[in-house]
Structures are given as C-alpha cells and as structure tokens.
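See below for the structure under consideration.
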Amino acid sequence: MKSIQKAFYHSSDFTVRQVDWRKGSSAILCFYASLVDAKEVQRILYTIYARLDTEKPFWSETLVSTLERFSLPQAVKRICNGETLIVLPNSGEMLSLTILNEVNRNPDEPNNEHILRGSHDGLIENLDTNLALLRKRINTPALVVKSFLIGKETNTKAYYLYMDGVIKPETLQELEKRIQAINIDYFYSMGQLSDELEDSVWSPFPQLLNTERPDRVVANLVEGKVVVMTNTSPAAIIAPVTFFNSSF
Numbered sequence: 153m154k155s156i157q158k159a160f161y162h163s164s165d166f167t168v169r170q171v172d173w174r175k176g177s178s179a180i181l182c183f184y185a186s187l188v189d190a191k192e193v194q195r196i197l198y199t200i201y202a203r204l205d206t207e208k209p210f211w212s213e214t215l216v217s218t219l220e221r222f223s224l225p226q227a228v229k230r231i232c233n234g235e236t237l238i239v240l241p242n243s244g245e246m247l248s249l250t251i252l253n254e255v256n257r258n259p260d261e262p263n264n265e266h267i268l269r270g271s272h273d274g275l276i277e278n279l280d281t282n283l284a285l286l287r288k289r290i291n292t293p294a295l296v297v298k299s300f301l302i303g304k305e306t307n308t309k310a311y312y313l314y315m316d317g318v319i320k321p322e323t324l325q326e327l328e329k330r331i332q333a334i335n336i337d338y339f340y341s342m343g344q345l346s347d348e349l350e351d352s353v354w355s356p357f358p359q360l361l362n363t364e365r366p367d368r369v370v371a372n373l374v375e376g377k378v379v380v381m382t383n384t385s386p387a388a389i390i391a392p393v394t395f396f397n398s399s400f
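Quick look at the structure:
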C-alpha cells in the first residue's frame with residue numbers, strides 16, 4: 153500500500169485501502185475517486201464477495217475486465233485510465249474493473265471563453281468532475297492534487313494541483329505558505345481566494361489567471377504553474393502569471 157501511495161504522490165483524489173477477501177485474507181482496493189463511481193465500486197465488491205466461495209468465476213458476472221499478475225507500472229497505467237484495481241498480495245494478482253464516474257452537469261464550453269478550434273467542454277461546480285476532465289488530458293500520476301479547507305465557519309473544500317517534476321519547488325512552497333496564511337471566517341467567492349493569494353489587490357498588472365477551460369488549465373500545469381479550485385465555483389485560479397500569460 154505504501155508503494156502504491158508513493159507512486160501516486162499521495163494525491164487527495166487517489167483512494168487506496170485494505171478490504172476483506174477470501175478466507176480471512178485481505179486485498180488492496182485503489183482508484184481515482186475523480187474518475188470512478190465510488191458507490192458502484194462498493195456494489196461490485198458486494199457482488200464479488202457473494203461469488204468468492206463458488207466454483208464459477210465471479211468476474212464473468214461483474215465489470216472485471218482483466219485478471220493479471222501485479223505490476224506497479226501496469227497498475228499505474230490502468231488507474232490513470234480510469235480503472236479500479238483490486239490487488240491480491242497473497243497471489244500476486246490484480247483485478248481490473250471499469251467503473252466510470254457520472255457527470256452531474258454537462259461540462260459545456262464557458263460562455264466567456266469560446267474558441268473556434270479545440271475542446272468545447274468546461275469546468276463545473278463539482279470537483280470530482282473537474283478533476284476527471286483534467287486527468288483524462290494528463291494521463292500520469294505526476295498530476296498531484298492536495299486538498300485544504302477555506303473559512304473557519306464554512307469549511308469549504310478546495311484543492312491545489314501541480315505537476316511533480318515540472319513545478320519549481322519555490323513556487324509550490326510560496327503557494328502553500330499563502331494558503332496556510334488564509335484567515336477568513338466565511339468563504340463565498342473565488343474573489344476572496346484571489347485576494348488572499350495575490351501579492352497586492354491594487355496592482356494594475358495580472359498576478360493570477362482565472363479560467364473555466366480544462367485545456368487552458370492543463371496548458372498551464374505542464375508549464376509549471378499551480379492551479380487552485382473549489383467545489384463552489386467552475387473557475388480555476390492559475391498562478392503565477394505574467395501579462396503575457398493573461399492574454400493566452
């Protein structure tokens with residue numbers, strides 16, 4: 153479990169936990185919560201448990217697509233593709249399940265960011281859906297997601313994302329320092345978060361970039377930027393930026 157968690161950089165949307173298996177043994181369940189339906193995973197597990205002690209292969213009646221020898225690189229590849237894995241340490245095998253996540257609202261193109269060429273989907277007010285849109289474009293666990301809370305009373309859940317090995321350590325350290333310094337009681341607007349993260353609210357030059365386009369978010373992530381998102385707004389904040397970044 154430690155090796156798997158390390159391979160996925162301990163991302164907040166990555167789930168890995170121990171589950172009961174046949175004859176008192178245990179297995180390891182792992183998936184990206186942003187890419188799969190967690191309730192459906194639980195239902196499939198119940199189906200598997202019901203078939204464990206029968207002679208008929210239980211995967212013939214479930215969504216299990218493969219049964220193969222465990223390999224960490226192969227496990228990483230399958231999970232990044234949106235599959236759910238059940239690793240069996242005793243036998244050295246792993247089961248792969250295809251359980252897709254349902255989108256709560258159509259990720260339509262933002263009205264204020266229309267383009268002629270390229271993808272026409274957009275971020276929505278749901279973090280799991282937004283993360284799914286990003287992970288489908290960045291098919292690697294190097295996309296790291298970390299969670300934090302904003303507002304002492306509202307406890308609004310937020311995330312910051314970055315590409316490990318691409319982002320400069322000093323950029324990440326500065327963002328984390330500013331997040332830890334946020335001291336507000338009630339969070340209700342992305343504007344509040346922008347005010348807390350930027351250098352000066354009076355500066356005439358852009359310090360942060362706001363976008364609702366997942367392709368624009370990805371373009372900045374792979375350039376070493378950090379992205380901040382919440383579960384109350386479709387907008388993503390990108391930092392740091394310059395005057396030239398803001399016109400992209």
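For the sequence shown, this note's numbering begins at 153 and goes up steadily by one. Using N, Cα and C, we set each Cβ at its ideal position, and we do this for glycine too. On a predicted model such as this, the values are computed, not experimentally measured, just so you know.
Query, Result
"ASP367 - DSSP class collapsed to helix/strand/coil", "helix"
"Buried versus exposed call for ASP487 [16 or more other C-beta atoms within 10 Å across all chains shown]", "For the chain, the structure presents residues 153 to 400; residue 487 sits outside this window and is missing."
"Extent of the continuous beta strand (DSSP E) run through VAL171", "166-172"
"Cβ pair count under 8 Å reaching 3, the segment 167-184 against the segment 234-253", "yes"
"Contacting residues, own chain, Cβ-Cβ under 6 Å from LEU268 (five flanking each side not counted)", "Here the model assigns LEU268 a pLDDT of 47, short of 50, so the residue's position is not dependable and the matter cannot be decided."
"The segment 280-292 contacting the segment 166-176, beta-carbon criterion three pairs below 8 Å", "no"
"Collapsed DSSP secondary structure at VAL318 in the structure displayed", "coil"
"Cut-off 8 Å between Cβ atoms - residues of its own chain near ALA233, not counting five sequence neighbours on either side", "Note that residue 233 corresponds to Asn in the displayed sequence, not to Ala. Taken in chain order, the residues that qualify are ASN291."
"Reference TYR184; option with closest CA among GLN157, ASN362, LYS175", "GLN157"
"C-alpha distance - LEU285 paired with ILE231, whole-angstrom precision", "15 Å"
"Coarse secondary structure for ALA227, derived from DSSP in three states", "helix"
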